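Colleague: full-length UniProt numbering numbers the first residue of the sequence shown as 1 and each following residue consecutively.
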Amino acid sequence: MGTSIESIPPRPPSSLSPSRAADFMRCPLLYRLRVIDRLPEKPSLAATRGTVVHAVLERLFDAPAAERTASRARDLVPGEWQRLLAARPELSVLFDAADPGALAGWLDSARALVDRWFTLEDPTRLEPAERELYVETVLESGLTLRGYVDRLDVAPATGDLRVVDYKTGKAPRPEYADEPMFQMSFYALVLWRLRGVVPRRLQLVYLGSGDVLTYDPSEADLLRTERKLLALWEAIRAATESGDWRPRRTPLCGWCDHQAVCPEFGGTPPPYPLAAIAGGPPLVGENSRV
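#1: For E41, name the three-state secondary structure that DSSP assigns.
#2: Taking DSSP's pairing of strands, which residues face V134 in a bridge?
#3: Between P10, A63, D150, which has its C-alpha nearest V53's C-alpha?
#4: Below 8 angstroms on the Cβ atoms is my guess for R246 versus L29; work out the distance and round it to an integer in Å.
#5: In terms of residue numbering, what span does the beta strand (DSSP E) encompassing L202 cover?
#6: Which two residues bound the contiguous alpha helix (DSSP H) that contains V197?
#7: Under 8 angstroms between the Cβ atoms of A171 and F118?
#8: Looking at the unbroken beta strand (DSSP E) that takes in T214, where does it start and where does it end?
#9: Terminal residues of the continuous beta strand (DSSP E) containing R162?
#10: DSSP three-state label for D99, please.
#11: Under the rule that 16 or more other beta-carbon atoms within 10 Å means buried, what is Y176, buried or exposed?
#12: Can you check DSSP and say which residues form a bridge with D153?
#13: Could you tell me how far apart the beta carbons of residue 297 and V261 are, in whole angstroms, since I believe they sit closer than 8 angstroms?
#14: Counting beta carbon pairs with one atom in the segment 79-89 and one in the segment 195-202, are three or more of them shorter than 8 angstroms?
#15: May I have the straight-line CA-CA distance separating L94 from P18, to the nearest angstrom?
#16: May I ask you to report which of helix, strand or coil DSSP gives L143?
#17: Can you give me the C-alpha to C-alpha distance between L39 and L145, rounded to a whole angstrom?
#18: In the DSSP assignment, the alpha helix (DSSP H) including D23 goes from what residue to what residue?
#19: Contact between the segment 221-234 and the segment 125-137: three or more CB pairs below 8 angstroms?
#20: Are the segment 152-166 and the segment 91-109 in contact at 8 angstroms, needing three or more beta carbon pairs?
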């Protein structure tokens, strides 16, 4: 029998992923509630659809190049939904059994995103080196970085790396474009540290709007990303030790599941589960200051 999240005692953060880094930059309290308190969050139709579409785009490359058609990809959608539902039965609450049309419409919306991908890339001309690649590295500072790369392409002639990430939403307005590209720079930094090669291109594929954004990083860019991550980690460690996790109101608060315990909305956070650490001596150990 597996161990439930609820039975795992809270512990200080020990690594950093792109999504958790984004959480802390957006709202330190959100980071705490997700990483330390591990409060449950309701499943969402959009996030679940994104998971299904990602699975379809990954599985499509199991087929020979000539068979990677839009029709085949659309046909994979219901099966990937059933596979996900079997792994996560709690997702059944997303749809009312008395309204089969809701599920059918949602599956159609996933198929539409898959169809749009074929207008942006040609899978018959692609042979990914890796799909859903887990990457992890430990920086000289001791900070562990980890995450999953949707697709890694390697040019046969030159060995150049292209890091590709699928987004099922729309491309952000220019003033909000830094966050997703920071995520890509995170992956590029990890791959550079792992393989000794700076990725040639970072590519964001937005299926919701049909946009493809690219960026070609340099070593200097990735060194700046590393410095930013180290500063971010120091801020996380300081908050862990002090217990001071400030909420930050942003336009995304409307989609947050934790408004009931957020001071910005009149709520009170639960007791800090690492209170024994807060106010004590600096943390010592993996990824901590020594």
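We put the beta carbon where it would ideally sit given N, CA and C, even for glycine. All values derive from a computational prediction rather than experimental measurement.
Modeller: The answer reads as follows:
#1: Under the three-state reduction of DSSP output, E41 falls in the coil class, being neither helix nor strand.
#2: The question names Val, but residue 134 in the sequence shown is Tyr. Y134 is bridged to Y148.
#3: D150
#4: 6 angstroms
#5: Taken as a continuous stretch (DSSP letters only), the beta strand (DSSP E) holding L202 covers 201-206.
#6: Here V197 belongs to no alpha helix (DSSP H), and DSSP marks it neither H nor E.
#7: no
#8: 211-215
#9: R162: member of the beta strand (DSSP E) spanning 161-167, first to last residue.
#10: coil
#11: exposed
#12: R162
#13: Residue 297 lies beyond the range of the chain shown here (1 to 290); nothing can be said about it.
#14: no
#15: Their backbone Cα atoms lie some 27 angstroms apart in a straight line.
#16: coil
#17: L145 has its alpha-carbon roughly 23 angstroms from the corresponding atom of L39.
#18: 18-26
#19: no
#20: no
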